[in-house]
Structure formats: structure tokens, C-alpha cells
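Asks:
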Ligand code: 0WD
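Structure below.
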């Protein structure tokens, strides 16, 4: 395995053990990286702490609150990280939210509030966090965000989240352009559907999984581990020439029309 010994990564968006963020955390841990976790709100704190504790040496992991809709929270969180560890080498942004009732039916029924909420949490948050995290990446860095094919083309029921992912993917490119001069790379992983808490909100998710199994080039669904290992690659020096990219980890499904 690839070694990230001596490097520190912030993992944002662990809700439970099925979270993609947790897959990334496990892969990073296997590579010898030091981990810092952030969680959205109090109801996640115990879960994240307990999960961190299951990793060898993870009982001592820094676990901090960071509601990405709140600039003060973001600043406080990264100020604490700076105090405790100083330099970080990367950040995994695995955060998204939209109202469940807007993840089914016609996209055009999206409300203004629902639209803004989805974009605030799922897209703007990357920009807000990148700006603050940049100052801790004194040795260069790598930022990885999570997206989905629904940002590139119409996927049934994905609706406002697809529009937010398009915005997120564009942000990845603009941030890559801004941060490249500081030795910081910014990329997205476009993952195939994985059964998580967030995925539960998307209408008819089971039939999406079935369609991948039947039609994707690799004829199977994407795993948390596959996404985690790709994230480790994007965090590592092996990907040092890659930035502003959207890497599909989806059994090849995106090549189908
Ligand atoms: O099929 C999937 N599961 C795919 C997910 C396919 C392709 C991409 N993704 C993306 C998601 O859109 C998201 O960006 O991967 C990322 C991680 O999603 P996940 O692992 O599928 O979902 P989950 O385990 O629910 O984690 C998302 C977390 C939240 O959990 P809840 O259930 O509370 O929404 O995002 C976090 C929170 O932990 N989150 C926030 N974090 C900070 N501040 C906030 C917030 N305001 N809101 C949500």
C-alpha cells in the first residue's frame, strides 16, 4: 500500500460507518496517515468518536464540530486544528444535503429555499473550507471532494442535488486554478451510487443500484473501499500532476450513453 506516514488529513462528513467519508478515513489510516474528523452537529459527535476509536491509535484523534453553513464554525474548527497540529496535507470534503421531498418528481418544483440550502451545504461549503484550510497547507496539499454523475447529466430524482453537484464540479476547477500556485491540488471523485444515509433520500435508489449491476462495464456496484483507495491516490504524490480533475470511480458507468 501507498504510504502517507507523517501526513495529516482532515476528513469531513462522517455520519456513520456507511459514510463515504468513513471509507476514505479507513484507507487513509491503512496508509499510515494521521486523521482529524469533523462532524456536522452534536447528534453525530458520539458516533464519529466511537468510529475513530475503532482505528488503531484513533482514540486520540482530534474530532471537532464543523457545521459548514456557519463561517464561524469553520474558522473555529481550523483554528483549533492549527493550534493542535499546525500543518495539514489534505482534506476530504464528503458533505451534501438536500430536502428529501425535492429528490423525487420534477426538478422544476424545487423551492428557492431548497435550492439555496442544497447549494449552500453541498457546493459553497467546499469553497468556504478550502479558503480556510489553505493556510494550514504550508507544505502543499490535496483537497478531494465527492460528486456524482447527476452533476453532468440528468439522473432521475437527483434533481436539485444534480444542479448543486454541477456547481461543486465547477468550483473544483476554479479552486484548482486559485490554489495551484500554492502547491495545493483540488480534485473530485465522482462515485457510483453507494447505500449511505444520504443515498436513502434519493427516490428509487434500489433500481439505480440494480441498473449499475446490469449495465456498468465492470457489472458491479462501487464500494466505499474503492472510493477510499482512490482518495489515497489523490492525496499521494502519485497524483502530483493531477488537479481540477473529476475522477469517476463508478465501475465505468459514466461511459454509457
Ligand atoms: O451514492 C452515494 N452515496 C454517493 C454520494 C454517490 C456520489 C457522491 N456522493 C457524495 C454525496 O453527495 C456527499 O457529497 O458523497 C458525499 C458523502 O455522502 P455519503 O457518504 O453518501 O452520505 P452520508 O453518510 O449521509 O454523509 C453526508 C454527510 C452528512 O450526513 P447527514 O446524513 O446528516 O446529511 O454530510 C454531512 C453530514 O455528516 N453534512 C454536513 N456537514 C457539515 N455541515 C452538513 C453541514 N451543514 N450537512 C450535512
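Residue numbers (UniProt numbering): 2 to 258. Built from N, CA and C at the ideal position, the CB exists for glycine as well.
Threshold first: 3 residues or longer. Then list the beta strand (DSSP E) segments lying entirely within the stretch 7-94, N to C.
Replies: Segments of the beta strand (DSSP E) lying fully in the stretch 7-94: 9-13, 35-40, 63-66, 91-94.
Asks: Taking the alpha-carbon of residue 237 as reference, which of 223, 179, 187 has the nearest alpha-carbon?
Replies: Looking at the Cα atoms, 187 is the closest of the given residues.
Asks: Taking the continuous alpha helix (DSSP H) assigned at residue 216, which residues delimit it?
Replies: Unbroken alpha helix (DSSP H) run through residue 216: 206-216.
Asks: Pick out every residue whose C-beta is nearer than 5 angstroms to a heavy atom of the ligand 0WD: which are they, in chain order?
Replies: The filter returns 14, 16, 20, 21, 41, 68, 69, 70, 95, 96, 97, 98, 122, 147, 149, 192, 194, 195, 197, 198, 199, 200, in chain order.
Asks: Taking all protein chains shown into account, do 16 or more other C-beta atoms lie within 10 angstroms of the C-beta of residue 28, making it buried, or fewer, making it exposed?
Replies: Buried: at least 16 other Cβ atoms inside 10 Å.
Asks: Pull up the CB-CB distance for residue 11 and residue 26, whole angstroms please, since I reckon it's below 8 angstroms.
Replies: No, residue 11 and residue 26 are not in contact; Cβ-Cβ is about 10 angstroms, not under 8 angstroms.
Asks: Give the secondary structure of residue 244 by DSSP, where H, G and I count as helix, E and B as strand, and everything else as coil.
Replies: Here residue 244 sits in coil by DSSP.
Asks: Given this structure, state the Cα-to-Cα distance separating residue 40 from residue 156, to the nearest angstrom.
Replies: Between residue 40 and residue 156, the C-alpha separation is close to 29 angstroms.
Asks: Pull up the distance between the alpha-carbon of residue 202 and that of residue 44, whole angstroms please.
Replies: The straight-line gap from Cα to Cα measures roughly 18 angstroms.
Asks: May I ask you to report which of helix, strand or coil DSSP gives residue 130?
Replies: In this structure, residue 130 counts as helix in the three-state DSSP scheme.
Asks: Have a look at the DSSP bridge pairing and note the partners of residue 189.
Replies: According to DSSP, residue 189 bridges with 146, 247.
Asks: Could you tell me whether any Cβ in chain C is nearer than 8 angstroms to the Cβ of residue 3?
Replies: No chain C is present in this structure, which holds just one protein chain.
Asks: If you run the structure through DSSP and keep just helix, strand and coil, what is residue 139?
Replies: DSSP places residue 139 in strand when its eight states are reduced to three.
Asks: Who are the Cβ neighbours of residue 2 in its own chain at under 7 angstroms, not counting the five residues just before and after it?
Replies: Here the set comprises 31, 32.
Asks: With DSSP collapsed to three states, give me the class of residue 119.
Replies: Helix, per DSSP.
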